[in-house]
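Chemist: Please find one structure pasted underneath; my questions will follow.
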Amino acid sequence: MDIDFSYFFTRRRLLQAAAGVASTTLLTARASELDERELKAAHGRAGLAGPDAPWTTVWAYDGTVPGPTLRVQQGRPLRITVENGLDEDTTTHWHGIRLPNAMDGVPGLTQKPIKPGENFVYEFTPPDAGTFWYHPHADSLVQLGRGLAGALIVEEAEPIVVDRDLLWLLQDWRLTDDKQLAPRFGSAMDAAMSGRVGNVVTVNGTVPVDQLVKAGERVRLRLVNACLARMVALRFEGHRPVIVAIDGQPCDPHEPEDGRLMLAPAMRIDIVLDMQGDPGSRHAVTDDFYDGLAYTLTTLAYDSASPLRAHPLDAPLGLPRNPLPQPDLASAERQEIVLQGGMMGGGKLAGVGGMMGMATPGMNGGAAWAINGMSMTGDGHAGMAPQFTLKRGTTCHLTMRNETAWWHPMHVHGFSLLVLARNGSPVPNRQWQDTVLLAPKDTIECAFVADNPGDWMLHCHVADHQMAGLMTVFRVT
Ligand code: C2O
Ligand code: CU
Ligand code: CU
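What follows is the structure, encoded as structure tokens:
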């Protein structure tokens, strides 16, 4: 399912570089033009379970699961018209993109929902290059869970040199024996525990087939976890992945600590893989996040051709940094959010049921979670006072404390967070992330400059947790 236009693209750049031909004029000319796209959300079907299995009824962007990969250029104005062909309201959220608040796609907060048959025109200029994604922010658990998600790749003007640029977008499905989506999204059990973890993981919309590779080639692999609730911890048997970006933001190239790539829902990791296996060899890519439930996600299958090159490519791996505003920690304003609720030992719910906020009784069994004692349920809406308000330009030092017994990938809209410390210890290599994973009882400190006015969501990206109260809003004025 990988469409390798990028192969030719990168090769062309390589050749240009080799010939000393500057492509800059070409890029600048194109950069000023408006890039126009269209997307339609509608009912469809997909061969999730493989070529010989029955089709699955899904909801899809442009009829494909995942939706089309949007490849756009950093700094080039973009207009995307989203049409709603579903029979319920939707919106599209551009996850991780720093954009004007009115383009953020949160119904009732930043825009009116897109009614069936109507459309909405999103316009923004992506300031950061990297791997991002898009998904609905209305009826999120159901719409994302039925397949509405796609990758949004913002290309650097000067990318690193690789032979191929590949994408693996992971989705997780709870399928019945006849390969249809199991009913009952949002059961109280899922909501209060680990969320709707499924039984089939797809890569680019199908149960994984082999990933064909060539000995000696260098691949940039963009990993996107678009699952509702499933965390993954990937190992590339016989290979040494180098992490070059997390959540779209470049980092110092490094190998993962214990050899595993941890991706919680909504997180992205870009890696560079030098294919050092022998021609004809096969190497499993496994996921062992859940104890005792390890499985092979896919296999790197080498073709039999002799290696592309004798030694790994000798080209730098560091990506150009994005123009993020640097926090001024000395003058920072401190804010704290505390994550509460969920199932505790002995099958008891931590008490948030009677708390104030916007819990909708009956929905997901009511609120199972809260932030600072407030449960905001659903997809985010107006009507709840912001958790805190920041003056534009202020550096915010945000502490997130997880008092629950569960994992939570906490996601902030409109900003990227510089992760400073975990459980009191400074993080050695500070990283920008829009989705920060908190293990049970973790405390994480981060910072960002509140340079973008508006009301912004801050929520757990396990969709069941979000719907059941693990969500809040803050304001920048
Ligand atoms: Cu990717 Cu509010 O979400
Ligand atoms: Cu987001
Ligand atoms: Cu959560």
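Here the UniProt record's numbering is used: position 135 in the sequence shown is 135, and no number is missing along the way.
The C-beta atom is built at its ideal place from N, Cα and C for all residues, glycine as well.
Fair warning: this is a prediction, and the values are worked out from it, not measured in the lab.
Can you tell me which of 379, 398 and 370 puts its alpha carbon nearest to the alpha carbon of residue 335?
Modeler: 398
Chemist: Determine the closest residue to residue 33 out of 74, 101 and 64, with distance taken between C-alpha atoms.
Modeler: 74
Chemist: Please check if any C-beta of chain D sits within less than 9 Å of the C-beta of residue 464.
Modeler: This model lacks chain D altogether, as it is built from one protein chain only.
Chemist: What beta strand (DSSP E) runs, 3 residues minimum, are completely inside the UniProt domain "Plastocyanin-like" (56-157)?
Modeler: 56-61, 70-73, 78-85, 93-95, 119-124, 130-135 and 150-155
Chemist: On the CB-based measure, 16 or more other CB atoms within 10 Å of its CB, does residue 425 come out buried or exposed?
Modeler: The C-beta of residue 425 has fewer than 16 other C-beta atoms within 10 Å across all chains shown, which makes the residue exposed.
Chemist: Just confirm the distance between the C-beta atoms of residue 106 and residue 92, as a whole number of angstroms; I'd bet it's less than 8 Å.
Modeler: In fact, because the Cβ distance is near 10 Å, the residues do not count as touching under 8 Å.
Chemist: Short of 6 Å in beta carbon distance, which residues of its chain neighbour residue 222, apart from the five on each side in sequence? Order them along the chain.
Modeler: 131, 167 and 270
Chemist: Could you check if residue 108 belongs to the surroundings of ligand 2, using beta carbon to heavy atom distance under 8 Å?
Modeler: Outside the cutoff, so no.
Chemist: Take residue 438 and list the residues in its own chain whose beta-carbon comes closer than 8 Å to its own, dropping the five residues that flank it on each side.
Modeler: 339, 400, 402, 407, 408, 409, 410 and 444
Chemist: Residues in its own chain within less than 6 Å of residue 304 by CB, not counting five upstream and five downstream?
Modeler: 279 and 280
Chemist: Answer yes or no: do residue 308 and residue 210 have a C-beta to C-beta separation smaller than 9 Å?
Modeler: In terms of Cβ geometry, residue 308 and residue 210 do not form a close pair [threshold 9 Å].
Chemist: Do you know whose CA, among 243, 47, 177 and 298, lies nearest residue 431's CA?
Modeler: 243
Chemist: To which residues does DSSP link residue 463 through a beta bridge?
Modeler: DSSP lists no partner for residue 463.
Chemist: Taking only the alpha-carbon atoms, compute the straight-line gap between residue 217 and residue 285 and give it to the nearest angstrom.
Modeler: When rounded, the distance between both Cα atoms is 18 Å.
Chemist: Between 435, 418 and 77, which lies nearest to residue 427 when the distance is taken from Cα to Cα?
Modeler: 418
Chemist: Are residue 174 and residue 199 touching if we call contact CB-CB under 9 Å?
Modeler: yes
Chemist: Using C-beta distances below 7 Å, list every residue in its chain close to residue 62, excluding the 5 sequence neighbours before and after it, in chain order.
Modeler: Excluding residues within five positions, the ones whose Cβ falls inside 7 Å are 39, 40 and 68.
Chemist: Starting from the C-beta of residue 79, find all residues in its chain whose C-beta is less than 8 Å away, skip the five residues before and the five after it, and write them out in chain order.
Modeler: 34, 35, 36, 37, 121, 122 and 123
Chemist: Please list the segments of the alpha helix (DSSP H) lying wholly inside the UniProt domain "Plastocyanin-like" (166-280), counting only runs of 4 or more residues, in order along the chain.
Modeler: Taking only runs of at least 4 residues, the alpha helix (DSSP H) segments lying wholly in the UniProt domain "Plastocyanin-like" (166-280) are 188-192.
Chemist: For residue 290, which residues does DSSP report across the bridge?
Modeler: Answer is none; residue 290 lacks a bridge partner.
Chemist: What is the DSSP secondary structure of residue 468, counted as helix, strand or coil?
Modeler: In the three-state scheme derived from DSSP, where H, G and I count as helix and E and B as strand, residue 468 is classed as coil.
Chemist: For residue 466, is the beta carbon positioned less than 8 Å from some heavy atom of ligand 1?
Modeler: At least one heavy atom of ligand 1 is nearer than 8 Å to the Cβ of residue 466, so yes.
Chemist: So, with DSSP's three-state summary, where would you put residue 330?
Modeler: helix
Chemist: With a threshold of 8 Å (Cβ to nearest heavy atom), would residue 262 be considered close to ligand 1?
Modeler: no
Chemist: Over the uninterrupted beta strand (DSSP E) stretch that includes residue 384, give me the two end residues.
Modeler: Premise fails: residue 384 is in no beta strand (DSSP E) and is neither H nor E.
Chemist: At what residues does the beta strand (DSSP E) containing residue 448 begin and finish?
Modeler: 443-449
Chemist: Grouping DSSP H, G and I as helix and E and B as strand, with all else coil, what is residue 337?
Modeler: strand
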